[in-house]
Structures are given as structure tokens and as C-alpha cells.
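Peer 1: Would you mind keeping the following structure in view while I ask a few things?
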Amino acid sequence: MFLVALLRHGLRLLLPLAIVSTFYLYLYPVFLGCAFPLPLTAAITNTTRGLETPSKSAAGLPAFLETLHQHVPNLPIPSRTDAQPAPFRLLALGDPQLEGDSSIPNSKGPRVPHLQSLYRHVTYKTAHSSLRERIRQALHDWIDFVFEDVFVELESLRKHIDLFGNDFYLAHIYRTVHWWTKPTHLTVLGDLLGSQWVKDDEFQRRAGRFWNRVFRGTERVPDETAVYPAMDYDLSAIMGNEGEEAVWQRRVINVVGNHDIGYAGDINEDRLHRFEKAFGKANYELRFELGRQDPTANAPSTTRRRTRPPTACRPSCASSCSTT
1 MFLVALLRHG LRLLLPLAIV STFYLYLYPV FLGCAFPLPL TAAITNTTRG
51 LETPSKSAAG LPAFLETLHQ HVPNLPIPSR TDAQPAPFRL LALGDPQLEG
101 DSSIPNSKGP RVPHLQSLYR HVTYKTAHSS LRERIRQALH DWIDFVFEDV
151 FVELESLRKH IDLFGNDFYL AHIYRTVHWW TKPTHLTVLG DLLGSQWVKD
201 DEFQRRAGRF WNRVFRGTER VPDETAVYPA MDYDLSAIMG NEGEEAVWQR
251 RVINVVGNHD IGYAGDINED RLHRFEKAFG KANYELRFEL GRQDPTANAP
301 STTRRRTRPP TACRPSCASS CSTT
């Protein structure tokens, strides 16, 4: 009876805590007030001009309420400004550093080596000068198996579970923040992977986890879009165009890091090639322009190959600017 009462009272305490924790886990961007700042010129109204700083008027509560209105359009809470969401909203995620076999202790060398050695001793597959020597070596291997191999296997199992859970943890962070803030563009800043020295098969496994587990449903920037900087250029997209916005919301602008292709002395063509094959180009420039109100001004004949864009955003990605 005491155990039943203890479990019942424990459940009464833990169940509300579990429910509250689950709500926070899936709605933490809401509780933390995450929101993209509103355009500065629209955020400063005539009634507030001169009374608050531009940074406070562009972000904070007005930005949060605007984000909330995107999810609940009929919310009976008036907006603090007449501002609309910024046409370019970049969600930047940094340094995921996906680990793999290099962090698993038993991935290097044979499994339970001392147990294998013990088996060879007791089955007379090894040569010894006497039975006493054979028994001594067998006992040594048994002790090493219990106090070394077993703990290595347990740590390896823990690390396998850790890697599996960490992938879904990162995926949860991405999905939750992306769902709430509604960015128009997404970038992942290197290091994407945890080591540049992994073999090609391990590199491919980590790349597969990146695309199929952490950032599932996204795609890399096409090579024909990620072009090298030039004076005579094609626009990557027109901001405000719903069709192009939908395409870029699925794309990940990957920025290479030193653990992806190596430091200056570690970089070689093979490492650069496998990164670009899996994640997109390492050196490129993207140009986005804000669409004009005149529909004819946004026609392809007038928006392509400009030499002086009216309002442009130029994210550039290069291996030389990557950081740890």
C-alpha cells in the first residue's frame, strides 16, 4: 500500500510538470519572445517618434505581436504599428558539427578485444610455455574484459544513443524556430560536420543525417544559382515574389567551415569536392532585390543582369571567411 500511495502522489506531482515542460519544449520561441525585427521606417509611428529608440521600435513587443498575428490572424490584440514583416528574414543556425564514428570508442579496432584473446587462450589457439602461463594470461584478459571492454561497450552504446538523440534535438530546434518565426531564407553556418579528417563513407553518412534527419524537407542551393561574384550578374530572387519565396524557404544556404574542408593547410581538392557535392558550392554570391510596386518593373527583362540594383541584399559565402 505504501508503494501504491507513493506512486500515486509521485504521478500527481510529475504529470503536471511533464505537461508544462512539453508545452515549453514545443513553444519555447513563443515564451522567449522570438521575432524578426520590423522594418525600421514603418515601425516608428508618428505617435512614438522621438520617444523611443529605433531598435526598440523595430523589435520587442511590436515585432512579437506581428509574428503572433501571422499565426492567429483574428487575434483580438491590436498591432502596435502598421508595419508589415520585413521582406528578407534570414534565420541563421550556427555550428551544428554533426559527430559520427570518430566519437564512438569501439569504432576503432576490434570489438571486445580482451574477450577474443581470452577465447583464443582457453581454446588452445595460442602458444604458452606452461599451463600456469596460459591460465595467467586468460585471467588477465578476463579482468581486462570486465574492467575495460565492458565499459568501452557501454560508453559506445551511450554515444550511439547520444548521436541519435542529438540529431533529433537539432531538428526540433530548427523546426520549432522555423515554424514560429516564418523566415524567408535559412542559412547554416559551418562547421556543418565535426571533423574534416573523416573518410568518405563516414562523410556521406553524416551528410545523409544532415539532410534526412536534422534538416529534413530542405534542399541545397543549386549550383546554377550559387554563382561566383561578377559585375554582370543574374539575380537569385526577387523579394516579395510569392513563388520565389516558397522556393527559398525550402533551401539551405550552407556556409562552409574549417571542420568541413579543413584549415588552410588541410584543404585539398578531394575534401572541397565532396563538400560541394553534398552541401553546395563553397564560394559563391547570392543577390536578392526587393520587388518594385510597378509590375512591369519586375518583369524578367528588366530585373535580370542589372549593374546597379535599387535595393539589394548580397550574401556572400566563401571558405576564407569561415570560423570555428
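UniProt numbering numbers the first residue of the sequence shown as 1 and each following residue consecutively. C-beta atoms are modelled at their ideal positions from N, C-alpha and C, and glycine is treated no differently.
#1: Name the residue from F275, P96, L163, P85 whose alpha carbon lies nearest to the alpha carbon of P39.
#2: Does the Cβ of H114 have 16 or more other Cβ atoms within 10 Å, making it buried, or fewer, making it exposed?
#3: Between W142 and C34, which are expected to be in contact by the criterion C-beta below 8 Å, what is the C-beta distance as a whole number of angstroms?
#4: Could you tell me whether the Cβ atoms of R247 and V188 are closer together than 8 Å?
#5: Rounded to whole angstroms, how far is the Cβ of V221 from the Cβ of R251, which I believe are closer than 8 Å?
#6: So, helix, strand or coil for E66, using DSSP?
#7: Taking Cβ to Cβ, would you say L170 is nearer than 8 Å to P96?
#8: Would DSSP call N258 helix, strand or coil?
#9: In three-state terms, what does DSSP make of H185?
#10: Going by the DSSP bridge assignment, what does M239 pair with across the sheet?
#11: By the 10 Å Cβ neighbour count, where 16 or more other Cβ atoms means buried, how is Y284 classified, buried or exposed?
#12: Considering only their Cβ atoms, is the gap separating V198 from E153 smaller than 8 Å?
#13: Sort out for me which residues DSSP pairs L6 with in a bridge.
Peer 2: Walking through what the data contain:
#1: P85
#2: buried
#3: Their Cβ separation, rounded to whole angstroms, is 56 Å, which puts W142 and C34 out of contact at 8 Å.
#4: The question names Arg, but residue 247 is Val in the sequence shown. No, these two residues do not count as a Cβ contact at 8 Å.
#5: 5 Å
#6: helix
#7: yes
#8: helix
#9: strand
#10: L290
#11: buried
#12: no
#13: In DSSP, L6 forms no bridge with anything.
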